[in-house]
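When the letters of the sequence shown are read in order and numbered with the working numbering, they come out as residues 3 to 143. Just below is one structure, and these are the notes that go with it.
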Amino acid sequence: MSIIKRSIDGDTAQRMIEAAVAKSRELKKAMCIAIVNECGQLKAFHAMDGAAHLAIQISQDKAWTASSFGIATHVWWDFIKNDPPLLHGITHTPRLTIFGGGYPVMEEGQMIGAIGVSGGHYSDDMEVARAALEAVGAPVS
Numbered sequence: 003m004s005i006i007k008r009s010i011d012g013d014t015a016q017r018m019i020e021a022a023v024a025k026s027r028e029l030k031k032a033m034c035i036a037i038v039n040e041c042g043q044l045k046a047f048h049a050m051d052g053a054a055h056l057a058i059q060i061s062q063d064k065a066w067t068a069s070s071f072g073i074a075t076h077v078w079w080d081f082i083k084n085d086p087p088l089l090h091g092i093t094h095t096p097r098l099t100i101f102g103g104g105y106p107v108m109e110e111g112q113m114i115g116a117i118g119v120s121g122g123h124y125s126d127d128m129e130v131a132r133a134a135l136e137a138v139g140a141p142v143s
């Protein structure tokens, strides 16, 4: 009558934030980094000095999107681009983000959380998110 599920812990979320900030500094980009648990609830957040205020919500939405189906945000575009009902319908779903920078955090095949990064071009956001995943030994999808 119940299930057992794993959830990202605070120490891991903080290590991911630190790795993402370090990578962002290396790229000379001011980023916002959001870590959510497996349910999409905010676990950790950091807005670097100088980050655009719009990036605050976008980073959180990328993390929420990645946690919603357990897939990276950039995967959505390939899934919907040739399907007009999905392309024109699902993009109106609040918080859904279909460009790069959001990834699930997986542990032993189970999603335990997600990361969302915003503040640069989505390719920069993806690079920063991947660095955070690598820092904690999580697979990069």
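For glycine and all other residues, C-beta sits at the position ideal for the given N, C-alpha and C.
*From what residue to what residue does the beta strand (DSSP E) around Glu109 run?*
Gly104 to Glu109
*If you follow the beta strand (DSSP E) that Lys45 is part of, which residue opens it and which one closes it?*
Leu44 to Ala49
_Restricting to runs no shorter than 4 residues, where is the alpha helix (DSSP H) found entirely within the stretch 48–130?_
56–71, 77–82 and 86–91
*Anyone know if the C-beta pair for Ala116 and Ile37 falls short of 9 Å?*
yes
*Is the Cβ-Cβ distance between Ala137 and Val119 less than 9 Å?*
no
*asked:* Quick check: the stretch 63–70 against the stretch 40–49, are at least 3 beta-carbon pairs closer than 8 Å?
replied: yes
_Tell me the rounded alpha-carbon separation between Thr93 and Lys83._
Spanning the two alpha carbons is a distance of roughly 11 Å.
*asked:* Tell me which residue opens and which closes the alpha helix (DSSP H) that Val23 is part of.
replied: Gly12 to Leu29 is the extent of the alpha helix (DSSP H) around Val23.
*asked:* Using only the alpha-carbon positions, how far apart do Gln112 and Ser70 sit?
replied: Gln112 and Ser70 have their C-alpha atoms roughly 13 Å apart.
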